[in-house]
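Chains as they are written, first to last, in the working numbering: chain A, 2 to 199; chain B, 54 to 690.
Ideal Cβ positions, reconstructed from N, Cα and C, are used throughout, including at glycine.
Computed from a predicted structure; not experimentally measured.
This report refers to the structure that appears directly beneath it.
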């Protein structure tokens, strides 16, 4: 077992994976990667009965946490919210004694139907992806984690197959960069998507 | 002391019809059946009902029973022995230990104060100190039978006042033994035979007593369980009744033979068995005997009231009765204050114990035989004791109707003390189904009382620390003993349909406030359970079959979340289908024979399933959204 700079935990949430093309391709690109633990929340907890202790142990064992999910109603699918509510306990993840996540990296990998033109002032969604992800950003920061810019695959409903293959490779390279610490965190801009940098 | 030799012959010798046993039994039972429900309806309680019945059939009214009243009383005192056994069963050793303060402190103070004050009063009235002391001892005792029965009937045994009363009564029952020992010495005839008999073999007796007590404790701990299990395994119910009676009578005989009070002996045996899994079953078996014998005892109290004497000296007797009750009440009330019983509970405590007890009859007659008190003194006092016993239910009614409501307004928060320790959930049947729900509730800190009829089973479960009791939950008395009147819910999880129906029906009939949930073995059974008014039932297999179904779909490649949702949807569909079927059954009951009906039902089920298939779960199917977005893009292009 090779040693990596960072061990990555991907928390994957897609309630209707059988209907998904994009997330399926992205999942396949990284789920067998060494140094990556791919954790499908809907598969492990179909009844939403999240095992808090087990989840916390997983978090402790990894150095970077990635949420991978389809962008639903400007937010995550339900189980990721449930996961946050239950696992990020006061006194463990945040609060005076809660420092278990301190210093870990936190990234979002998401897919959206709309493209960049929809996520801007005057666009269909009026706000940028960064702005719409503020709740997650604040959550990460409150827990002392380093917030990474979102990695987003857009036009997900109409994306061509070859583009999707490209996006999946890109996702894999992104995780490799985190794992092997080749991503220059200090060179990242304040906003935008990380796709262009990683 | 209670003479047991009169008990057994009564049952055996009187079986000869020539003896008038059947006639007497008929008179007693008829009197009870007529008087007790009537008295209860009037709000007087069963005790007063029995006593009034006794007065009516007694020698001075109808004259149906006469001189043998005294011997019947002796026999009936065995009811007190059984009562103390049952009381013991309900009292775990740990709880008895917790009560040691009130028993010794409050009980001791009550007996000593009452003896001294009554002795003082009688001496002031011209009695010798020996006579005064003897009267004081006789009158210091209260009636265990009447008080416990009345408090139990009113559901007050676990209240603070009830507990204090119980402590004092227990001390009094112990105090009878030294009183009987002291009595002969008060006769001023030092070489009296009775005194000698009690006097000489002191140390031998002590050794014997210790031996017997140790024997009861050890046998109760280690011997009874294998015996009970052996008996239970035979599945013959009357054998259990037999062994329960054998146990009580045997212990009573044994303790009496060494000069201990049999009531005390059986009480001890009860306490030792309080932790046993057979506790509820024992209680259920002894209960009817206890109740009837106590009833006969109360009837005998009524029948022995000497009306001619009362009519000759009405004022004198009334004065003694009132004086007795008032003196005892005042002493109890002051002690209650000293021992911080709390206001309304102190009233209950003082009203409850302000009478003479059944042991006074024994002590008075004993005092007569050893020449401590002349018959001119014992006759009016015995009568006064009987009348004061008759007053107790009336005093308790006064407390309940007048004093308690006043007090309750005064300090409402006091009632928090009355919380009992019964478990909120009773589970009937601890087989494959019951044990899962039982463990689930235990694991979530919900107290459960478990009843099961398989002794092997119980043994294993008790080894892992669960509270499981042996007994058939369709018996009202057993449900009662398990606390069904105080519990919130009964879960019926027995393996036989008929038994389950029976339990549901009995529980709903006799404990209307108890919620009953049940496990149905199939849908037919579920329909039955509804007819018997179960509040909720679950098909025993649907849950686990659907869980395995989720595993199957997942294995076939469905995402577990989709499979899970499908199972939930199907479960809902199943409930709805059953409701439809139930309605269909009710509507068509008259038209279809059984076989036809079940064929139609299967058809209905399949039709409903087809409907289910036509309405799948569309969740997260983005086909329509994709089409819309694509067509928009084409338009733009």
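Taking CB atoms only, residue 27 of chain A has no neighbour in chain B less than 9 Å away. Per DSSP, the unbroken alpha helix (DSSP H) holding residue 532 of chain B starts and ends at 529 to 534. Interface with chain A (9 Å Cβ-Cβ cutoff): residue 674 of chain B is included. Between residue 103 of chain B and residue 352 of chain B the beta-carbon gap is near 5 Å, inside 8 Å, which marks them as a contact.
Around the beta carbon of residue 275 of chain B, a 10 Å sphere encloses fewer than 16 other beta carbons of the protein chains shown; the residue is thus reported as exposed.
Scanning its chain for C-beta atoms nearer than 7 Å, with the 5 sequence neighbours on each side dropped, one finds around residue 348 of chain B the residues 85, 103, in chain order.
From the listed residues B:526, B:335, B:222, B:414, the smallest Cα separation to residue 549 of chain B is found for B:526.
Burial state of residue 28 of chain A is buried, judged by a 10 Å Cβ sphere holding 16 or more other Cβ atoms.
Under the Cβ criterion of 9 Å, residue 20 of chain A is counted among the residues facing chain B. In this chain, residue 182 of chain B is not harboured by any beta strand (DSSP E); it is covered by the alpha helix (DSSP H) spanning 182 to 193. Along the segment 43 to 57 of chain A, going in chain order, the ones with a CB nearer than 7 Å to a CB of chain B are 43, 44, 47, 48.
In the structure shown, the three-state DSSP call for residue 148 of chain A is strand. Shown here, residue 398 of chain B sits in a helix according to DSSP, grouped into three states. Separation of residue 357 of chain B and residue 108 of chain B (C-alpha to C-alpha, rounded to the nearest whole angstrom) is 8 Å. Non-local beta-carbon contacts of residue 149 of chain A in its own chain, meaning distances under 7 Å to residues more than five positions away in sequence, involve 106, 107, 108, 195 in chain order. In the DSSP assignment, the residues bridged to residue 542 of chain B are B:478, B:568. By the criterion of at least three beta-carbon pairs nearer than 8 Å, the segment 498 to 512 of chain B is in contact with the segment 279 to 288 of chain B. In the DSSP secondary-structure assignment, residue 66 of chain A is bridged to A:10, A:107.
Beta bridge pairing from DSSP links residue 592 of chain B with B:573. Put simply, the backbone Cα of residue 458 of chain B is about 12 Å away from that of residue 398 of chain B. Taking C-beta separations shorter than 8 Å and ignoring five residues to either side along the sequence, the partners of residue 374 of chain B in its chain run 437, 440, 441, 444, following chain order. Note on geometry: alpha-carbon atoms of residue 299 of chain B and residue 507 of chain B lie some 23 Å from one another.
Residue 570 of chain B is classed as buried because its beta carbon has at least 16 other beta carbons within 10 Å across all chains shown.
Straight through space, the alpha carbons of residue 105 of chain B and residue 487 of chain B are spaced by roughly 47 Å. In this structure, DSSP gives residue 35 of chain A a state outside helix and strand, which the three-state scheme calls coil.
In the DSSP assignment, residue 521 of chain B falls within the unbroken beta strand (DSSP E) covering 521 to 523.
For residue 502 of chain B, the secondary structure class from DSSP, reduced to helix, strand or coil, is strand. The CB of residue 184 of chain A never comes closer than 7 Å to any CB in chain B; the least such distance is about 32 Å.
The beta-bridge partner set that DSSP reports for residue 112 of chain A consists of A:71, A:154. Three or more beta-carbon pairs separated by less than 8 Å are not found between the segment 115 to 135 of chain A and the segment 45 to 58 of chain A, which leaves the two stretches without contact. When Cβ-Cβ separations below 9 Å define contact, residue 613 of chain B makes contact with chain A. With contacts defined as CB atoms closer than 9 Å, residue 66 of chain A and residue 134 of chain A fail to qualify as a contacting pair. When the five nearest sequence neighbours on each side are left out, the beta carbons in the same chain lying within less than 7 Å of the beta carbon of residue 338 of chain B are those of 293, 294, 297, in order along the chain. Rounded to whole angstroms, the separation of the alpha carbons of residue 90 of chain A and residue 40 of chain A is 20 Å.
Look at residue 91 of chain A here: in three-state DSSP terms it is strand. DSSP places residue 41 of chain A in the strand class (E or B) of the three-state scheme.
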